[in-house]
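Read through the structure below, which is laid out as structure tokens, and then see the notes.
Protein chains: 2
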Amino acid sequence: MGLMLGAAALVSVAALAWSAYATYWVARRDPGTERMREIQGYIREGAWAFMLAEARVMAITLAVVGAVLWALFYWEVAVAFWVGSGLAMAAGFIGMNAATLANARTTHAARTSFKQALNVAFSGGSVMGMAVAGLAVGGLALVIWLFRREFDPGILYIHTKTIFGIPGADVNFIKGALIVSAYSAGASLVALFDRVGGGIYTKAADMAADLVGKVELKIPEDDPRNPATIADNVGDNVGDVGGLGADLLESFVGAVISAIVISLYIYVGRGNPDIQGLLAKFGLGENITQDFWWFALLPILYVTGGIVACLIAIAYIRFSRREQGTQGILMNGTRLGALLTAGFAALFTWLSPLNFVPFYAAILGIVSGIAIGFVSEYYTSSRYKPTRDLAKAYQSGAAVGVTEGMAVGMMSALWPCLIIAVATVVAYQMGGLLAVAYAALGMLSFVGMTVSVDSYGPIGDNAAGIATMAKLDPSVRERTDQLDAIGNTTAAIGKGFAIGSAAFAALGLIAAYLWSAAGRADEVHVPDIPIINPTVGGMVVAGLIVGAMVTYVFSALLIRAVSRTADVMVQEIRRQFRDNPKIMSGEESPDYRRCITITAHGGVRRMVLPSLLALGMPLFVGLLFGRYTLAGFLVGALLSAIMLAIYCGNAGGAMDNAKKYVEEGHFGGKGSEAHAAGVIADTVGDPLKDTVGPSLDILIKLMSVISLLFASLFPVIPFFMR
Amino acid sequence: MGLMLGAAALVSVAALAWSAYATYWVARRDPGTERMREIQGYIREGAWAFMLAEARVMAITLAVVGAVLWALFYWEVAVAFWVGSGLAMAAGFIGMNAATLANARTTHAARTSFKQALNVAFSGGSVMGMAVAGLAVGGLALVIWLFRREFDPGILYIHTKTIFGIPGADVNFIKGALIVSAYSAGASLVALFDRVGGGIYTKAADMAADLVGKVELKIPEDDPRNPATIADNVGDNVGDVGGLGADLLESFVGAVISAIVISLYIYVGRGNPDIQGLLAKFGLGENITQDFWWFALLPILYVTGGIVACLIAIAYIRFSRREQGTQGILMNGTRLGALLTAGFAALFTWLSPLNFVPFYAAILGIVSGIAIGFVSEYYTSSRYKPTRDLAKAYQSGAAVGVTEGMAVGMMSALWPCLIIAVATVVAYQMGGLLAVAYAALGMLSFVGMTVSVDSYGPIGDNAAGIATMAKLDPSVRERTDQLDAIGNTTAAIGKGFAIGSAAFAALGLIAAYLWSAAGRADEVHVPDIPIINPTVGGMVVAGLIVGAMVTYVFSALLIRAVSRTADVMVQEIRRQFRDNPKIMSGEESPDYRRCITITAHGGVRRMVLPSLLALGMPLFVGLLFGRYTLAGFLVGALLSAIMLAIYCGNAGGAMDNAKKYVEEGHFGGKGSEAHAAGVIADTVGDPLKDTVGPSLDILIKLMSVISLLFASLFPVIPFFMR
């Protein structure tokens, strides 16, 4: 056990060392001209200001939730929660810091050569990737090591605690499971705030900049005369870098801890013949006490192997000398990362006393994740039929364009859902819910690579913006646009991957919840959740309906947050142009700071209600209506969230890329009817794909992990049915 | 039993007599000027031609499905199926026939007085209302009476049949339950074709007429120069009258037969102690064999009472002498209908040996249905905040308008879902799934009234169109617009009601499916469906995911069908204007017939794929993956369909009414930026609210009733898990 955690800690340190080195290397590059430094300064300042404001709001929530955990359970649980949330916050800041250093430096490097620019951008992105992986695994290893007494196989048992000493208010749980769940819940809560706040910020700024800039004044994107330009670029950093990193960190941690929690429950319930059957599926038998650490910590070994694989792949990409075929290098690097991850997993499985079931489940997860990514690409890339047909439909006007875009999004649910359904069935057949958790783990084990590649996209986007704003030579913008274009393809696959991994991570967390909820007093069962039977009545069906509904209400709140914030911003931009005609003529700079402040204010203020909804609903449903109803609620929310997230992500992606396809000169090109329709459709799709879709990924994971954490508090049969 | 069925048959005949009388009365009114007769002739001809073309496609499907039922089960099952489908088709034709007679006559009556016009329009609508109720109940009574041997309480038992004589291919079912299920499935299949075909027709015509007329040529709605005008009016009749009637007929039949099927299974399983407990909840005990007919046929008595109540309410509205406060008369009439329905239900319950549980459940259903209707009205009427805020958002352009409209639709899921969830729990607590079926029944028992009021709307809409096309005095259009406006409010409530009732009817049918699926060999259990346990593994979760996905794919197919058909139509309209400039100057009439043919062709051709999907998926899932997976599939589809239907219906309704609110002179009125945005948003919302939403209502009912019908064929454990 010491050896395993030590290895995990060592590899985490290596990952963080890479982050530090890459940040240092990027910071030493030349940020370019005076004007470029100025713009970069604005972006950096805005991003820091927003994330600090966000952090203040988060700190209050985190303090309260931690205090509640302390009061209800033990101080260790609260500490684990704070460690998880602290590290997730740190990952966001580290990534954002590197990204806002790398943007102008990428632009400057693009003045020399494309490969130089790629190196800077990718190094900047890899800071976030390695920080996410390193902090998540290192923190988890630390928490388990600190509270190792609670994982001791000799004394592992189901605790009974009387809440606030109220007679009869006894709750039962495995303390170690509670500690790792709290760690994950802390990371989740931060991820939700980051993703929702950042998502509102980035799209409100983008929408307002486009509405006044492109539509009303017909000035190009990233024009320095537009007061919202800088805010738009800040948004890329806080939303796409900070938000995405937090999102994948959460999936990553959730996948690891759900496998650990299920393993702990299986171990404690090893006396039960059903559970012995389950252990046999993993090749474990009477020696389970000896093999305990392998069984419980194999998930950590898998992701540790994943980090090493990603470090090698990143080094390959970073130090590759090829000038041409950049996309090829990125794809090869990702493939290398995935293969090495699988190789390490095979090695660890072979070393362990377990059979290869966890490994097969993990491979199933990796393959499913990649397949879902490719389906997303098919539906959203202009290289394929759906997006080209959509571009053609733009010729019939905005209404038909939006309608057809929605149809593309709905249609795109077909394959991802079939893949998830088949993977769930196959994994369960292999090894019950634990194998489902391993499938999730497999999908996420090379997260370091995914985050690095995804974070590189917004850096390229920012670099392109800075090139235009600093009025550099058009050849620079061409090179940065090329970076941006490559980023878009990898981002499309990455987004599909994020949805798929969120679905699996949530399934894993729900599975862990079911195991926790099935354990009462000193006995543990294999979970058996009814949809309908005389004991639960219609409660679970009601839970399903309410769960499905909550995701819609959450989405509505987010869309509104974006459009209301954008509206305030639009008023401000119009006011600036009206009050100071010198802005339009280019003689004076607009007041960028005011726009940044307005968006930041909107983002922080409007992230609170949806976040509290996500935090509060599982507690409300669980406490009032019991464990089974909450299981229904989570499944209903998962179903609804998967569908909406796929629909929003792919509809928005297709609308965006179909517009770009028109801009490339098809169906009349820029300035045509089709282009005007495309701009409207893209604006409709933007909050769907960048705010709603990604936030739904987190919503469902957060609600699941909160349910897992507080599972023991929820009654089996609700009070009014006794 | 003879007395009960006799009473039902008698009341049905009375309802049909009203339909006949009202048709005769309407036909005797004066259809107005030469021009009006001509327009009406076109509309009538187009509507007949389309519904006949639809009927031909349906006939093939119905013949095949009936033959399959005959081959698999018994000839009685096939006959019941054909009776159900034949009557549903007849109801559509009767309603459409009356509506296409009433439109021009309403316009003509509006030249005299508003009250006259209302009388004609409402009489025309009541034909459909009473035809739906009369045919549905009369047909059911006929089928039960014809095959009364299969309902004989002395010999009622679980049949075992060996499919095609294949050894081991034994299936078990109650023959009577199979017969009424087949009756309902026949009606459902026709309803799906009517709704999908009509929905595609009406919106493709509407969209094309608006895209070329309002947007490109800036000519007003219903302008006779627009070649698509008549097709648009035909669409109102085949979509809104024929489609809606078929939809509610299906809900109505489904609700009645699900209560009957569950009662039959409970009766057969009366030896089981759990089921004795359930019977006790309904006040029934050892005398169940004597009380059998009361227990099994109470649902029919409830709806028979409902028809009498509706006849009284319709007579009240029709013969009311008040000239003013028309909306008041309609509302009072609906209230009267609901109250009398409740009164009759109370009377029959009191006469029966059962306690008042079925009555309370039915009242719960009525109250829930009305509440959901009011929520829909709140979110879609311009008298309330959401739609007014949306109209305000139109000022920021089309993109913000569509986005905010989607947010309104998503938000509007909140209350309906809570209402459905609470009603499900309360009903189940009262009397298990049978009480859930009774709640559905209550909601639908005054369907005659709902259909009458809803069908009156499109007649008013048509009348307004004819007034413009025939260039009558503006005062006539004012009166018909008033009719139309009242129709819109009642239609909003009606649409919410249709969604709510579809959700409940589907729940009832799923409940009946669960009871059928739980019965094996000669034993019947109280249904107990797991979400996850070692027996079903991840199958049910996979079923939930796939079910949720199918509704999205179905919706995508429908949206595409509309926009592709509209696209062909747009080309045709443009061609006519281009080839013949005399159309625009008004010297020559456009070629209306060609547009009608194109839309009809598109509607019929494109309704096939979604309909086969709806028919085939439950069979595919059930046969391959077994009963439990199919239960998951149905629940997943229900969840997804409820959400999408509410979202589509209310988003579309709010976008439409917000546009009308702008047209009334707010935020700049007609011709303003806000109005242009509103027109686009309305066009996006149209296929959502009039094609997708309503078709989803049917999709879920059809899939549930098909599952119920074929339940016995599906394995308990799928072949690959044995």
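Top line first, the protein sequences correspond to chains U and C.
Quick note on numbering: the first sequence equals residues 1 to 722 in our numbering.
Quick note on numbering: the second sequence equals residues 1 to 722 in our numbering.
Beta carbons are placed, not taken as given, at the ideal position from N, Cα and C, and that holds for glycine.
- At a Cβ-Cβ threshold of 8 angstroms, Thr334 of chain C and Asn650 of chain C do not count as neighbours.
- Any Cβ of chain U closer than 8 angstroms to the Cβ of Met549 of chain C would place that residue at the interface, and such an atom is present.
- Neighbours of Met643 of chain U across chain C, judged by C-beta separation under 8 angstroms: Ala548, Met549, Tyr552 and Ser640.
- With respect to Ala182 of chain U, Ala80 of chain U sits close: the two C-beta atoms are nearer than 8 angstroms.
- The secondary-structure analysis by DSSP pairs Asp170 of chain C across a beta bridge with C:Thr162.
- Proximity to Met58 of chain C across C:Phe193, C:Asp473 and C:Ala315 peaks at C:Phe193, based on C-alpha coordinates.
- Ranked by Cα distance from Leu634 of chain C, the first of U:Gly86, U:Leu544, U:Ser707 and U:Phe577 is U:Leu544.
- When C-beta atoms of the stretch 670 to 686 of chain C are compared with those of the stretch 395 to 410 of chain C, three or more pairs fall below 8 angstroms, so the two segments count as touching.
- For Pro530 of chain U, the enclosing beta strand (DSSP E) covers residues Ile529 to Ile532.
- For Leu558 of chain U, the uninterrupted alpha helix (DSSP H) segment begins and ends at Met539 to Asp579.
- In the structure shown, Glu150 of chain U falls within a helical segment according to DSSP collapsed to helix, strand and coil.
- By the neighbour-count definition (other C-beta atoms within 10 Å, threshold 16), Glu377 of chain U is a buried residue.
- In this structure, DSSP gives Glu404 of chain U a helical state, which the three-state scheme calls helix.
- Ile545 of chain U has a beta carbon lying within less than 8 angstroms of a beta carbon in chain C.
- Under the Cβ distance rule, Ala498 of chain C does not count among the residues neighbouring chain U, no pair being separated by less than 8 angstroms.
- Interface annotation for the stretch 521 to 542 of chain U against chain C: Val526, Pro527, Asp528, Ile529, Pro530, Ile531, Ile532, Asn533, Pro534, Gly537, Gly538, Met539, Val540, Val541 and Ala542, criterion Cβ-Cβ distance under 8 angstroms.
- Residue contact check for Ile420 of chain U against chain C: a CB pair falls below 8 angstroms.
- Here Gly66 of chain C really is in contact with Ala78 of chain C; their C-beta atoms are around 4 angstroms apart, less than 8 angstroms.
- Residues of the stretch 673 to 689 of chain U that bring their beta carbon within less than 7 angstroms of a beta carbon in chain C comprise Ile680, Thr683, Val684 and Pro687, in sequence order.
- If you compare the alpha carbons of U:Leu414, U:Ile559, U:Lys689 and U:Glu250 with that of Ser704 of chain U, the shortest gap goes to U:Glu250.
- Taking 8 angstroms as the upper bound for CB-CB distance, Cys595 of chain C and Ala99 of chain C are not in contact here, some 20 angstroms apart.
- With a cutoff of 8 angstroms on beta-carbon distance, Tyr267 of chain C and Pro358 of chain C are scored as not near each other.
- Listed along chain C, the residues sitting closer than 9 angstroms to Asp274 of chain U by beta-carbon distance are Pro534.
- A contact between stretches requires three or more CB pairs, one per stretch, nearer than 8 angstroms, and the stretch 695 to 702 of chain C meets this requirement with the stretch 609 to 620 of chain C.
- The residue from U:Leu619, U:Ala674, U:Asp656 and U:Val604 with its alpha-carbon nearest to that of Gly199 of chain U is U:Val604.
- Gln576 of chain U and Pro220 of chain U have their C-alpha atoms roughly 18 angstroms apart.
- At a cut-off of 8 angstroms, the C-beta of Ser611 of chain C has no neighbouring C-beta in chain U.
- Residue-level contact check: Tyr647 of chain C touches chain U, since one or more beta carbons of chain U fall below 8 angstroms from its beta carbon.
- Inclusion of Gly547 of chain U and Ser640 of chain U in the CB contact set at 8 angstroms is warranted, their separation being smaller than that value.
- Check the Cα spacing between Arg318 of chain C and each of C:Val536, C:Glu673 and C:Ser126: the tightest is with C:Ser126.
- Distance from the CA of Asp656 of chain U to the CA of Ile275 of chain U, rounded to the nearest whole angstrom, comes to 50 angstroms.
- With a 10 Å radius around the Cβ and a threshold of 16 neighbouring Cβ atoms, Leu340 of chain U comes out buried.
- Scanning chain U for C-beta atoms nearer than 7 angstroms to the C-beta of Ser188 of chain C yields nothing, as the closest lies near 22 angstroms away.
- Between Ala542 of chain U and the set U:Cys310, U:Val621, U:Ser695 and U:Ile706, the nearest pair of CA atoms involves U:Val621.
- Residue nearest to Thr629 of chain C within the set C:Ala117, C:Asp690, C:Ile583 and C:Leu514 is C:Leu514 (criterion: CA-CA distance).
- Within the stretch 610 to 669 of chain C, there are no complete beta strand (DSSP E) runs of at least 3 residues.
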